[in-house]
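K.L.:
In terms of my numbering, the sequence shown opens at residue 172 and continues consecutively.
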Amino acid sequence: MDLNFTAEELAFRAEIRQWVAANLPADISHKVHNALRLNKDDLQRWAKLLGKQGWHGWAWPQQFGGPGWNAVQRHLFEEECALAGAPRIVPFGPVMVAPVIMAFGTLEQQQRHLPGIMSGEVWWSQGYSEPGSGSDLASVKCRAERQGDKYIVNGQKTWTTLGQFGDWIFCLVRTDPTVKPQAGISFLLIDMKSPGVTVRPIIMLDGEHEVNEVFFDNVEVPAENLVGEENKGWTYAKYLLAHERTNIADVNRAKRELERLKRIAKAEGVYDDTRFRDQIALLEVDIVALEMMVLRVLSAEKSGKQSLDVAGLLKIRGSEIQQRYTELLMLAGGPFSLPFIHEAMEAGWQGDYVGAAHCAPLASHYFNYRKTTIYGGSNEVQRNIVAQTVLG
């Protein structure tokens, strides 16, 4: 196992760093570094810039229009973007549904959907969770009944992140209720502009509209939108979740937020507190350990060995670290973190701040990140999976 980067890899890093510095809009970078609210335009502007470069699908093979980078190059690209203050790429299109379409979709589906994902023009949403079917995806109840050359979809999805912006949604649907749960699920692509699709906002504790409920009322979906075989969707769902859980670890964003934590701790006068600085040091050790785990996976892939089956471990540790740095950020701000002032989180706010401006979003982000150990498969479920597949 060699965790050192080669001269070629370091040159690649320098090339990415130079391009990002020249192309990342300064207003977007400012928002990211200061945890200000990102709107749809911010996210899609960056996606389209990457798309023009052919990098929005940075993990795609060349045969599907991607750069064909190896695992180490993909990691370096993600790291340079994160450290520069680029928004996290919305993963539902390029990271989640695209690999499924590549692996199991028809040629027509690939030609229809992949270009729009790469360009950043088409916004995808994820239709997995349902009321009563969170981590237990095998229990989904949203029905799709085949009628000739179309499916009729009825049911509900929930916690649909940024679904209010969605053009398309990929869904797990129940196509055979008579067999065991995992065997009766299909993977369906649905145009969110179809009659019968309703998106209802779920407003969170901090007042943000990030997640949604999506209702399907006799929605007609062409049968050609079925990915792979009918009733084989569980296989495709597991394939997708491996990509999602690795992506959730997001070690590069953690490194950037660690530096922000140090800046705010110094500004608020708590960095000189030995006990508080100890907590920052413990967090930094955990981030380095997570990075080493990621690099171990990359080393195995680069050498052609079987990739380590640690997607669940990466998800567990990555999500816990995200919760920890948001907690320490809020503690650094102390009582000045309390106000939930939405306008104070916007660039250009001219009102009075309670405390320094950097304190305004701290409590909001702390509460928002309580979700990380739940979505993508709760950590309790992930520990069971790790115990069975990794520990034996």
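Positions of the beta carbon are idealized from the N, C-alpha and C atoms, including for glycine.
Would you call the CB atoms of ARG314 and ARG345 closer than 8 Å?
P.N.:
Contact flag set, yes.
K.L.:
Where do the N-terminal and C-terminal ends of the alpha helix (DSSP H) with SER296 fall, by residue?
P.N.:
Counting along the chain, SER296 falls outside any alpha helix (DSSP H), though it belongs to the beta strand (DSSP E) covering 295 to 298.
K.L.:
Can you tell which of ASN550, LEU247, VAL481, GLN494 has its C-alpha closest to the C-alpha of LEU533?
P.N.:
Comparing Cα-Cα distances from LEU533 to each of ASN550, LEU247, VAL481, GLN494, the minimum goes to GLN494.
K.L.:
Starting from SER566 and walking both ways along the alpha helix (DSSP H), at which residues does that stretch end?
P.N.:
Shown here, the chain extends from 172 to 563; a query on residue 566 therefore has no answer.
K.L.:
Can you grab the Cα-Cα spacing for the pair TRP231 / ALA274, in whole Å?
P.N.:
Cα to Cα, TRP231 sits roughly 11 Å from ALA274.
K.L.:
Write down every uninterrupted run of the alpha helix (DSSP H) in the region 212 to 267 whose length is 4 residues or greater and which is fully enclosed by it, in chain order.
P.N.:
The region 212 to 267 contains these whole alpha helix (DSSP H) runs: 242 to 255.
K.L.:
If you draw a straight line from the alpha carbon of GLU250 to that of GLY256, how long is it in whole angstroms?
P.N.:
Each residue's alpha carbon lies about 10 Å from the other.
K.L.:
Could you tell me whether any non-hydrogen atom of the ligand PLP is closer than 7 Å to the CB of ARG467?
P.N.:
Among the components of this structure there are no ligands whatsoever, and the ligand PLP is therefore not found.
K.L.:
In this structure, does DSSP put ALA193 in helix, strand or coil?
P.N.:
If DSSP states are grouped into helix, strand and coil, ALA193 belongs with the helices.
K.L.:
Report yes if the CB atom of THR369 is closer than 8 Å to the CB atom of PHE341, and no otherwise.
P.N.:
No, the pair does not count as a contact, with Cβ atoms beyond the cut-off.
K.L.:
Leaving aside the five residues before and after LEU376 along the sequence, list all residues of the same chain whose C-beta is less than 7 Å from its C-beta, in chain order.
P.N.:
Closer than 7 Å at the Cβ level, and outside the excluded window around LEU376, lie PHE538.
K.L.:
State the DSSP-derived secondary structure class of TYR322, mapped to helix, strand or coil.
P.N.:
Correct three-state label for TYR322: strand.
K.L.:
In this structure, does DSSP put TRP124 in helix, strand or coil?
P.N.:
The shown model of the chain, from 172 to 563, leaves out residue 124, and the question about it has no answer.
K.L.:
Measuring straight from C-alpha to C-alpha, what distance separates MET289 and LEU412?
P.N.:
Taking the straight line joining both Cα atoms gives about 20 Å.
K.L.:
With C-beta atoms as the reference, is LYS321 less than 8 Å away from GLY298?
P.N.:
Cβ atoms of LYS321 and GLY298: not closer than 8 Å.
K.L.:
LYS312 to ILE272, Cα distance in whole Å?
P.N.:
If you take the alpha carbons of LYS312 and ILE272, they lie about 23 Å apart.
K.L.:
Cβ of SER508 within 8 Å of Cβ of THR543?
P.N.:
No, the Cβ-Cβ distance between SER508 and THR543 is not below 8 Å.
K.L.:
Taking the beta strand (DSSP E) that ILE356 falls in, what are its first and last residues?
P.N.:
Here the beta strand (DSSP E) through ILE356 covers 356 to 362.
K.L.:
Rank THR349, VAL392, GLU498, PRO270 by C-alpha distance to the C-alpha of VAL324 and give the top, closest one.
P.N.:
The candidate whose alpha carbon is nearest that of VAL324 is VAL392.
K.L.:
Does the Cβ-Cβ distance between LEU229 and GLY237 come in under 8 Å?
P.N.:
In the sequence as presented, Leu is not what sits at residue 229; that position holds Trp. For TRP229 and GLY237, yes; Cβs fall inside 8 Å.
K.L.:
Just how far apart, CA to CA, sit LYS433 and ARG427?
P.N.:
Computed Cα separation, rounded: 10 Å.
K.L.:
Skipping 5 residues on each side, what residues in its chain have a beta carbon closer than 7 Å to that of TYR407?
P.N.:
Taken in chain order, the residues that qualify are VAL271, PHE275, PHE358, VAL398, GLY399.
K.L.:
From which residue to which residue does the beta strand (DSSP E) around LEU343 run?
P.N.:
First-last of the beta strand (DSSP E) with LEU343: 339 to 345.
K.L.:
Should GLU439 be labelled buried (16 or more other beta-carbon atoms within 10 Å of its own) or exposed?
P.N.:
Answer is buried; the Cβ neighbour count reaches 16.
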